[in-house]
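Encoded as structure tokens, the structure appears first; notes follow it.
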Amino acid sequence: MTQSTMKWATNALLDAMASKTRHVFITGASRGIGEATARLLADKNVHMTLAARSYNRLLGVCMDVGVEKSHAVKLDLVEEQSIDDAITTAESKFGPIDVLICNAGIHEDTPLSDVSAQGRARFRRVIEVNLVGTYFLAQLASLHMRPGGRIIFIGSVLSRVGAPQVNAYAASKHALMGLTRSMALELAPRNIRVNSVNPTWVDTDMARAAINRRAEKTGESVSDVAAKYIGRQPIRRMVKPLEVASYIEFLMGPGGDAITGQGIDISCGMVSP
-2 MTQSTMKWAT NALLDAMASK TRHVFITGAS RGIGEATARL LADKNVHMTL
48 AARSYNRLLG VCMDVGVEKS HAVKLDLVEE QSIDDAITTA ESKFGPIDVL
98 ICNAGIHEDT PLSDVSAQGR ARFRRVIEVN LVGTYFLAQL ASLHMRPGGR
148 IIFIGSVLSR VGAPQVNAYA ASKHALMGLT RSMALELAPR NIRVNSVNPT
198 WVDTDMARAA INRRAEKTGE SVSDVAAKYI GRQPIRRMVK PLEVASYIEF
248 LMGPGGDAIT GQGIDISCGM VSP
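Following this note's numbering, the numbering of the sequence shown begins with -2 at its first residue and continues without gaps.
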């Protein structure tokens, strides 16, 4: 293939991506980053499957973004049947998934000192939701994904660095980067891109709950715990959900076509090469 032919083929693909209605599947869409992404895409040329455990909250998001272009599916990443059913329902409604945004996840304290049955169960659950269930979902979605497709994992600054007390969460997010790189290589021949967006503390319910738990355990005030975490960053603030959603939108579009197997850090300077 000549250079001019390759350029024409690439431009034709990007034009097709921009003009067709794409099916976007977002997990954890009832709040936080997932909800912000759904709202950002509301006026774009997309159909959206919005998935989460909180079905009633999902319905509210669907009403806001438009019931004609979105629908809600209940999804529990611990249950394989729930994963299978969600993909089947989504594809029967809007056809093959063009963009999968794996945002759902949980955060639990899993310190080395907790060797109780409950502590081990928490460790397993974090890995099941953040890694195993997320992989099974991406695996199924990729089967019918067409050329130009995107799989975008929402990782964390803990995909890059460690942190005490949250061993399962850090392990799951590091593993997502390995998954991102491996899937990117496997899906590149089908012209599907796989990337991860790795934010630091995002102003979400999950982040606030984690800060509250730490404050309860240490006896510190919530504001002191938050200041301690944010103080590790050169830019001392939380990331806004819409900021993360904007990077997701970029990776979905033509500008993301030459990017695959990468982790995009939104770390307020906490992570540097």
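Virtual Cβ for every residue (Gly too), placed ideally from N, Cα, C.
Item, Value
"Alpha-carbon to alpha-carbon, Gly175 and Ser264", "19 Å"
"Stretch pair the region 171 to 187 + the region 202 to 211: three plus CB contacts closer than 8 Å", "no"
"Segment contact flag, the region 186 to 202 with the region 146 to 158, C-beta cutoff 8 Å, min 3 pairs", "yes"
"Among Val75, Ile80, Ala26, the one whose alpha carbon lies nearest that of Met60", "Ala26"
"Euclidean distance between Cα positions of Leu140 and Leu97", "12 Å"
"Separation of Ser113 from Ile256, as counted between CA atoms", "43 Å"
"Contact the region 33 to 45 vs the region 101 to 121: 3+ CB pairs below 8 Å", "no"
"Buried versus exposed, by CB contacts within 10 Å (16 or more), Gly253", "buried"
"Beta-ladder partner(s) of Pro196, from DSSP", "Ile263"
"Contact set for Trp5: own chain, Cβ-Cβ below 7 Å, skip 5 residues either direction", "Since pLDDT at Trp5 reaches only 45, below the 50 mark, its modelled position is unreliable, and no value is offered."
"For Ala49, the three-state DSSP class (helix, strand or coil)", "strand"
"Validate contact between the region 44 to 60 and the region 70 to 77 using beta carbons, cut 8 Å, 3 pairs", "yes"
"Leu239 burial status per 10 Å Cβ neighbour count (16 or more: buried)", "exposed"
"The region 224 to 238 touching the region 115 to 122, judged by at least three CB pairs closer than 8 Å", "no"
"For Leu55 and Thr86, the rounded distance between their alpha carbons", "15 Å"
"Short CB-CB distance (under 9 Å) between Lys71 and chain C", "Among the chains in the structure shown there is no chain C, since it carries only a single protein chain."
"Reference Leu109, options Ala212, Val21, Thr24, Ala167, closest by Cα", "Ala167"
"Beta-carbon contacts of Ile23 that lie in its chain and below 8 Å, excluding the five residues immediately before and after", "Gly31, Thr34, Ala35, Met45, Thr46, Leu47, Ala48, Ile98, Asn100"
"Chain-order list of residues whose beta-carbon lies under 8 Å from that of Leu182 (same chain, five-residue window excluded)", "Gly258"
"Residue nearest to Thr215 in terms of C-alpha spacing, selected from Gly29, Gln162, Asp40", "Gln162"
"Test item: CB-CB of Arg122 and Val75 under 9 Å", "yes"
"Pairwise C-alpha distance: Asp82 and Gly250", "28 Å"
"Expected contact under 8 Å - CB spacing of Val21 and Leu38 to nearest Å", "6 Å"
"Three-state secondary structure (DSSP) of Ile278", "What the structure shows of the chain is the stretch from -2 to 270, and residue 278 is not part of that stretch, so it cannot be assessed."
"Boundaries (first-last residue) of the alpha helix (DSSP H) holding Thr131", "131 to 140"
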